[in-house]
Amino acid sequence: MKVQWKSVSEEQEMRNSLLRGYRNLIERDVNRTDRNNTFFSGNDNPGLTLLHDVLMTYCMYNFDLGYVQGMSDLLAPLLFVTQNEVESFWCLTGFMDLVHLNFEESQEAMKKQLLQLSLLLRALDPELCDFLDSQDSGSLCFCFRWLLIWFKREFSFEDILTLWEVLWTRLPCENFHLLVACSILESQRGELIGRSVV
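All residue numbers for the sequence shown refer to UniProt numbering, where the first residue is 1 and numbers rise by one.
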């Protein structure tokens with residue numbers, strides 16, 4: 001698959017706007033992904049090349065989905081752990097099998113998860129839900145990124161490695177990430193409600 005995108009000439013790519021668009025998105029995101037991590041820091045870092053190449057190869061593997069912003073966030077920890085292009089590609093493929101609907105253009109899966117999160121939070125803490133509704137935040141759109149990339153930017157790099165291992169087990173339930181999101185909201189309850197009182 002890597003050979004497919006590597007063998008595309010500049011002339012061919014000029015006539016393939018979709019591939020050109022994916023490549024541009026990937027190159028932009030690679031330059032912003034986890035640059036504070038030594039594995040990805042610096043300009044001519046081999047980690048950045050691996051990140052780029054795996055994302056381009058995945059793009060060819062699943063061309064209908066292609067590349068969507070956020071996929072680099074899912075790949076970076078996998079690449080950091082495996083430090084191997086082939087292994088990280090297949091790990092990303094397995095991860096995307098779990099979360100690919102998050103990246104669909106319709107965003108139906110994301111809307112469904114936000115609704116499920118809202119219902120779960122309402123069952124656990126109706127007062128917090130009422131407060132969020134009163135602040136025009138009841139849709140929980142501020143949790144979108146949490147669910148899209150499984151809290152990648154909300155936790156430290158080291159903590160995300162542990163959290164993802166737990167979430168990949170799909171135990172105790174398939175939607176355990178929604179319980180994690182609920183627990184984050186609950187842990188910040190006082191700060192959320194307290195801010196509006198001040």
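Ideal Cβ positions, reconstructed from N, Cα and C, are used throughout, including at glycine.
I think residue i touches residue j, with their Cβ atoms under 8 Å apart; what is that distance to the nearest whole Å?
i, j, result
"T93", "Y58", "7 Å"
"L48", "V30", "6 Å"
"residue 199", "F40", "What is shown of the chain runs 1 to 198, which leaves residue 199 out entirely."
"F176", "N37", "Incorrect: roughly 26 Å between the Cβ atoms, too far for contact."
"L120", "G66", "About 32 Å; that fails the 8 Å criterion."
"L132", "F151", "That pair is no contact at about 19 Å."
"L185", "L101", "Rounded, the Cβ-Cβ distance is 23 Å, inconsistent with contact."
Run the CB neighbour count on residue i, radius 10 Å, all protein chains shown included, and call it buried at 16 or more, exposed below.
i, result
"S72", "buried"
"M123", "A small fix is needed here, since residue 123 is Ala in this sequence, not Met. Exposed."
"C182", "buried"
"Q113", "buried"
"P126", "exposed"
"L115", "exposed"
"C91", "buried"
"G70", "buried"
"L171", "exposed"
"K6", "exposed"
Does the beta-carbon of residue i, which I'm using as the reference point, lie nearer than 8 Å to any heavy atom of the ligand GTP?
i, result
"R32", "Looking at this structure, you won't find the ligand GTP or any other ligand, since it has none at all."
Quick one: grab the DSSP three-state call for residue i.
i, result
"M14", "helix"
"V54", "helix"
"V198", "Low confidence applies to V198: its pLDDT is 45, below 50, so where it sits in the model is not reliable, and the reading given next is rough at best. Here V198 sits in coil by DSSP."
"T33", "coil"
"E104", "coil"
"K152", "coil"
"Y61", "helix"
"N175", "coil"
"M110", "helix"
"residue 199", "In the structure displayed, the chain extends from 1 to 198; residue 199 sits before or after that span and is not available."
Just the Cα atoms here: how many angstroms apart are residue i and residue j?
i, j, result
"I160", "L178", "15 Å"
"D64", "F103", "11 Å"
"R20", "E87", "26 Å"
"R189", "C143", "14 Å"
"D130", "Y61", "44 Å"
"L78", "N24", "22 Å"
"V198", "R28", "Confidence in V198 is poor, its pLDDT being 45 and thus under 50, which makes the residue's placement unreliable; the coordinate value appears in the next sentence. C-alpha separation (whole angstroms): 40 Å."
"L98", "L74", "12 Å"
"A76", "E105", "22 Å"
"N16", "I149", "28 Å"
"F80", "F89", "12 Å"
"P46", "E11", "27 Å"
"Y22", "E13", "11 Å"
"T169", "G42", "34 Å"
State yes or no: is the C-beta of residue i within less than 9 Å of the C-beta of residue j?
i, j, result
"H118", "S139", "The sequence given here has Ser at residue 118, not His. Yes. Within cutoff."
"L50", "I26", "no"
"L192", "V180", "no"
"M110", "L147", "yes"
"E85", "D53", "yes"
Give a yes or no on whether 9 Å exceeds the smallest Cβ distance from residue i to chain D.
i, result
"F155", "No chain D appears in the structure shown, which is made up of a single protein chain."
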